[in-house]
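Each residue of the sequence shown is one higher than the one before, counting from 22 in the numbering used here. For glycine and all other residues, C-beta sits at the position ideal for the given N, C-alpha and C. The model shown is predicted, which means the values in this text are computed figures rather than measured ones. These notes are about the structure you will find just below.
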Amino acid sequence: MNAYIKNIVLFSQNGAMREVPLNDGLNIITGDSKTGKSALIEIVDYCLFSSRSTIPVGKITDFTELFCIIIKVSEKYLVIARPHWKSSNRTKSYFSFESNSNFLGSFSFEYFNNQSLRKLKDVQQEVEQHLGLAVLDTRESSEEDKRNAGKVTMRSFVSLLFQHQNLIANKHSLFYRFDDYQKRKKTIDQLPILLGWVDAEYYILKQQLDAKNKQLDAEKKRKKSLELNKDEQIKRLRVPIEQYYTSIGYVLDASFSLTQLKNIAKNLPHVPKTAEEDSDIKFQLANLKDKRKIYKVELSETTRLINNISENNKEAYSYGNVLNQIILANNFEEYEDKIECPVCHHKVSEIEGTVKKISSSRYELIDELKNVGKYENDSSEHLNKLIEKSDSQKKNIGTITLEIENLEKSSQEIIKNQSLRETLMHLRGRIEATLEQILQKPTLAQSPIDINELNLEIEQLKETLAGYDLDAKYKDAESFISKRMTEISEKLDFEEELQPGIMRFDLKTFDFYYNYENQNIRLSEMGSGANWLACHLSLFVSLLHLSCKENESCIPSFLMIDQPSQVYFPKVTKVIQEDEEKNETNDEPKFDENIRQVKNIFNVILNEISIIKDDCGFVPQVIVMEHADEKEFNQYVKKRWASDGEKLI
Numbered sequence: 022m023n024a025y026i027k028n029i030v031l032f033s034q035n036g037a038m039r040e041v042p043l044n045d046g047l048n049i050i051t052g053d054s055k056t057g058k059s060a061l062i063e064i065v066d067y068c069l070f071s072s073r074s075t076i077p078v079g080k081i082t083d084f085t086e087l088f089c090i091i092i093k094v095s096e097k098y099l100v101i102a103r104p105h106w107k108s109s110n111r112t113k114s115y116f117s118f119e120s121n122s123n124f125l126g127s128f129s130f131e132y133f134n135n136q137s138l139r140k141l142k143d144v145q146q147e148v149e150q151h152l153g154l155a156v157l158d159t160r161e162s163s164e165e166d167k168r169n170a171g172k173v174t175m176r177s178f179v180s181l182l183f184q185h186q187n188l189i190a191n192k193h194s195l196f197y198r199f200d201d202y203q204k205r206k207k208t209i210d211q212l213p214i215l216l217g218w219v220d221a222e223y224y225i226l227k228q229q230l231d232a233k234n235k236q237l238d239a240e241k242k243r244k245k246s247l248e249l250n251k252d253e254q255i256k257r258l259r260v261p262i263e264q265y266y267t268s269i270g271y272v273l274d275a276s277f278s279l280t281q282l283k284n285i286a287k288n289l290p291h292v293p294k295t296a297e298e299d300s301d302i303k304f305q306l307a308n309l310k311d312k313r314k315i316y317k318v319e320l321s322e323t324t325r326l327i328n329n330i331s332e333n334n335k336e337a338y339s340y341g342n343v344l345n346q347i348i349l350a351n352n353f354e355e356y357e358d359k360i361e362c363p364v365c366h367h368k369v370s371e372i373e374g375t376v377k378k379i380s381s382s383r384y385e386l387i388d389e390l391k392n393v394g395k396y397e398n399d400s401s402e403h404l405n406k407l408i409e410k411s412d413s414q415k416k417n418i419g420t421i422t423l424e425i426e427n428l429e430k431s432s433q434e435i436i437k438n439q440s441l442r443e444t445l446m447h448l449r450g451r452i453e454a455t456l457e458q459i460l461q462k463p464t465l466a467q468s469p470i471d472i473n474e475l476n477l478e479i480e481q482l483k484e485t486l487a488g489y490d491l492d493a494k495y496k497d498a499e500s501f502i503s504k505r506m507t508e509i510s511e512k513l514d515f516e517e518e519l520q521p522g523i524m525r526f527d528l529k530t531f532d533f534y535y536n537y538e539n540q541n542i543r544l545s546e547m548g549s550g551a552n553w554l555a556c557h558l559s560l561f562v563s564l565l566h567l568s569c570k571e572n573e574s575c576i577p578s579f580l581m582i583d584q585p586s587q588v589y590f591p592k593v594t595k596v597i598q599e600d601e602e603k604n605e606t607n608d609e610p611k612f613d614e615n616i617r618q619v620k621n622i623f624n625v626i627l628n629e630i631s632i633i634k635d636d637c638g639f640v641p642q643v644i645v646m647e648h649a650d651e652k653e654f655n656q657y658v659k660k661r662w663a664s665d666g667e668k669l670i
C-alpha cells in the first residue's frame, strides 16, 4: 500500500507548533542524544491509536497538548491528532481527510477549530476503512470466542513498522511489543488479512464450512445410531416373515441372505382364503418350545462349566496355600548330635539310621510339594469363551421366547374366534414396517437434512476457499522474503564465516533462522552485534518490500528505524577524535572500517528503496533516526538537531 507519513506535528496549549516534515524515500533525522529523535517513533505509535503512551516524560510531554501525524494515502491525506493522555479528552481524537495538499501550507493549531473530537475507537475504525482494513470477524468457527479472534485492527501491523534503538540489534527479540502474547498472536494470525490475501468473505466461508461440517457429523452420528447392523436386520425381518410363512403353510429357507429377505418382504404371498385350514401355528409353537428347551439345556451345561472352572480356581488357590503352610510347618532345624539312651547314655546306632531315613523322606516330600505349588494354569481364556457362549445362548433363548409370545398371542386371537386372515394382515403390516425401518429408517426419525445436498454444499465451500490459495501465497511470500533477506545481508556487515547461507522467515510462526551448512541457526545463537543488526535490517526491509508488492495490502509503506549505527558508532566517535588529534596538519581524511559500515547501511537502504520502486511502481518511506551525519547523505536529512541548538522541543 502506498501510504507514508507526510508530517509529524506537536502543538502546545497556546498553539505553538513543532513539526518534522517528511517525504517518501529515505528520511534522516540526525543529531545528538536527548534531542527528541527516538521520541518520534513513540509519537507516531501514540497517534496510531496505541492504548498507552510510551512518549518519554519530560520536555516533550510538558510542551505538547496535541500530538498529530499526517499520512499520505495515495492521493489523499489523513490527519490524526490525539490530545495529551493526561487531558480530559484522552479517550477522544481528531480526524479528517483532505483530497489535496493545499491545506499543508497553512496547517496550524487553528485547523482543528473546525474539527470535533470523537471517540477514539470510532476514529480508529474510520482510519482503518481508509486503509482498506474492514474485517469485523476473523473467527473460523462461530462457536469461537470473539475475544480471541474478533475484529482486525491496525494495531496488528504496527509491530512491522518500528525498530527501536533497543531492538534494532537485539539478539533475543525482533518485533516491537511481541512480549505481549496476544499481540504477537493477532499479528501472526491476521497477517493474511493485512497483506490483502483474504477478506471478510473468507472468514464467512470458513464459518459456514465449519457449521456444515459439524452439521454433517451430527447427522451421520444420528443416522448411525438408527442403523441396524446386518445381523440385526436379518433377525428383524426373518422372525415376522417366518411366522407369516408358517401361518399360511409355507417354509422359509434358513439360508436366505438379507437381500433375499428384503425381496421376500417386498413381495409377500397373499393370504389364502383357506388360511385357517392351512395355518400350523400350534406345530410352530411346539418346534420353538423344543428349540428353546435345547438352548436352555446347553445354557445349563455352559453355566455348570463356568462354575466348575471358578471353583477349581478357588480350590487351586486354597490348595496352594495349604501346601505352603505344610512346607513352612516342616521347616525345622536338624540336630547333628548322636542319639543316645537317656538312661545309660549308650549310643544307639539302629535308631540313628531310622531317623536319617525318615529325614531323607521328609525332604523328598517337601521338594515334591514345592514343585506342585509352583504349577499354575491360566484358564481365563477358556472361561471368557464360555461366558461369551453363555451370553449367546441367553440371547437365542430371548429371541425364541419373543417368537413364542408373538405366536401365542396370534393363537389366542384365533381361539377367540378372531379371523386368522386379519391376524396375518396385521403380520404383513409388521413386516412392511420393519422393511421400511431398514430401508428408510423410522418415520419419526426422518430428518429434513439431505446428506447428499449437504456434502455438495461443503464441496462448493471448499472449492471457493481453495480459490484464495492461501498456502501458495504463504509459500511464495516466504520464498520472496528469504531471497531478499539473503541478498540484503550479503551487502551488510554479516559474518563472512557464516556465508554462504540462506536467511529464512516463517510467516505462520514469525520464526527467524539462518540456514548454514544444513543447520538452522537462530538469531540468539549468533554472535556479534553486526550480525544481529544485519538480520534485523534484512528482515524488516524485506517485509516492507512484501507489503508494498501486495496490491491489496493494508500495511502502510513506511518503516522507522532508530540508530542502526549504534553497533559501530561508539568506535567511530573514538576513531574520529583520535584522527583529529593525530592529523591536525594533514588534510587527507582518515576513516576506519566502522565508518565505512555506517555509510554502507544508508547505501543499502537507498538501494532497496530503488528496487522496491522498480518492482512496485511507487517509493516507500524509510525514516532513520541517527547520531551519525555523513555529508554524502545531506539531501536525505530532514532535521539536524543538537543538544545546544535546534531540537524537537
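With 16 or more other CB atoms across the displayed protein chains lying within 10 angstroms of its CB, His566 is buried. With a cut-off of 8 Å on Cβ pairs, the segment 475-492 is in contact with the segment 225-244, counting three or more such pairs.
In this structure, Leu486 and Leu212 do not form a Cβ contact; the two beta carbons are roughly 17 Å apart against a cut-off of 8 Å. Contact between Ile62 and Phe183 holds: their C-beta atoms lie close to 5 Å from each other, under 8 Å. Ser95 and Ser578 have their C-alpha atoms some 11 Å from each other.
The C-alpha of Lys206 lies about 59 Å from the C-alpha of Lys283. Of the candidates Ile50, Gly548, Ala170, the residue whose Cα lies closest to the Cα of Tyr224 is Ala170.
No residue range can be given for Pro521, since it is assigned to no alpha helix (DSSP H) and is classified by DSSP as neither H nor E. According to the DSSP secondary-structure assignment, Thr51 is paired through a beta bridge with Glu647, Arg661. The DSSP-derived three-state label of Tyr489 is coil. Residue burial annotation: Asn48 is buried, with at least 16 other C-beta atoms found within 10 angstroms of its C-beta. Rounded to the nearest whole angstrom, the CA to CA distance from Leu326 to Leu407 is 8 Å.
At a Cβ-Cβ threshold of 8 Å, Thr455 and Leu258 count as neighbours. In the three-state reduction of the DSSP assignment, Ile76 falls in the coil class, being assigned neither a helical nor a strand state. Tyr25 and Leu99 have their C-alpha atoms roughly 10 Å apart.
Collapsing the DSSP output to three states places Arg168 in coil. If you look at Cys89, you'll find it in the beta strand (DSSP E) that goes 87-94. With fewer than 16 other beta carbons inside 10 angstroms of its own, His447 counts as exposed. Sequence-distant partners of Leu157 (beyond 5 residues in either direction) whose C-beta falls short of 6 Å from its own C-beta, in its chain, are Lys172. Counting along the chain, the unbroken alpha helix (DSSP H) around Ile62 starts and ends at 60-68. The count of Cβ pairs closer than 8 Å, one atom from the segment 552-560 and one from the segment 187-194, reaches three, so the stretches are in contact. The count of Cβ pairs closer than 8 Å, one atom from the segment 27-43 and one from the segment 649-657, stays below three, leaving the stretches out of contact. Comparing C-alpha distances from Glu86 to each of Tyr115, Leu309, Ser72 shows the shortest one belongs to Tyr115.
In this structure, DSSP gives Glu667 a state outside helix and strand, which the three-state scheme calls coil. Taken atom to atom, the span from the alpha-carbon of Ile285 to that of Asp166 is near 56 Å. According to the DSSP assignment, Phe623 belongs to the alpha helix (DSSP H) that extends over 614-637.
The three-state reading of DSSP puts Arg160 in coil, since its state is none of H, G, I, E or B. Membership of Pro213 in the alpha helix (DSSP H) is indicated by the continuous run 212-215. Under the three-state reduction of DSSP output, Phe118 falls in the strand class.
In this structure, the beta-carbon distance from Asn536 to Arg543 does not fall below 8 Å.
The three-state reading of DSSP puts Glu40 in strand, counting E and B together. Excluding the 5 residues flanking it on each side, Val643 has same chain C-beta neighbours closer than 6 Å at Leu47, Leu580, Ile626, in chain order. DSSP, reduced to helix, strand and coil, places Met547 outside both helices and strands of the structure shown, so it counts as coil.
Look at Gln264 here: in three-state DSSP terms it is helix.
Taking every protein chain shown into account, the CB of Ile91 has 16 or more other CB atoms within 10 angstroms, so this residue is buried. By the neighbour-count definition (other C-beta atoms within 10 Å, threshold 16), Asn123 is an exposed residue.
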